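Numbering (the working numbering), first residue to last: 1250 to 1364.
Cβ atoms here follow ideal geometry from the backbone N, Cα and C, with glycine treated the same way.
On a predicted model such as this, the values are computed, not experimentally measured, just so you know.
Notes follow the structure.
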């Protein structure tokens, strides 16, 4: 039983017949994000996420829903650093600069790195 795992890959009952979760899958987070954007009439939105499966699933769900809703969703992928000692601050700074310079003013995010 998982209270935190949102990875879509764990949803296969053929592969994981006894796996249960108490939270929704990642794609639902992405879809909910787009519903929020639509409510505020945000038509061009950035989405920052780390490159690991659950965050990618959330972005993919958001991207599909955004397309259906006529919202332009622009992804900014960051490297995932599960160990704090491995974090490359320059990489994060460069990616944040790209997002800042895009002139997009509404962002969503999915992160799991410890820092």
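| Item | Value |
| --- | --- |
| Residue 1267 to residue 1259 span [Cα, whole Å] | 10 Å |
| C-beta atoms of residue 1327 and residue 1300 nearer than 8 Å | yes |
| Any chain D beta carbon closer than 8 Å to residue 1289 | The structure shown has no chain D; it contains just one protein chain. |
| Between the CA atoms of residue 1319 and residue 1331 - distance to the nearest angstrom | 34 Å |
| Start and end residues, alpha helix (DSSP H) containing residue 1319 | From DSSP, residue 1319 is part of no alpha helix (DSSP H); its letter is neither H nor E. |
| Proximity of residue 1297 and residue 1256 at Cβ, strictly below 8 Å | no |
| Sequence-distant residues of the same chain with beta carbon closer than 6 Å to residue 1316, five excluded per side | none |
| Proximity below 8 Å, CB of residue 1289 to CB of residue 1307 | no |
| Beta-carbon proximity list for residue 1321, same chain, < 6 Å, skipping 5 on both sides | 1293 |
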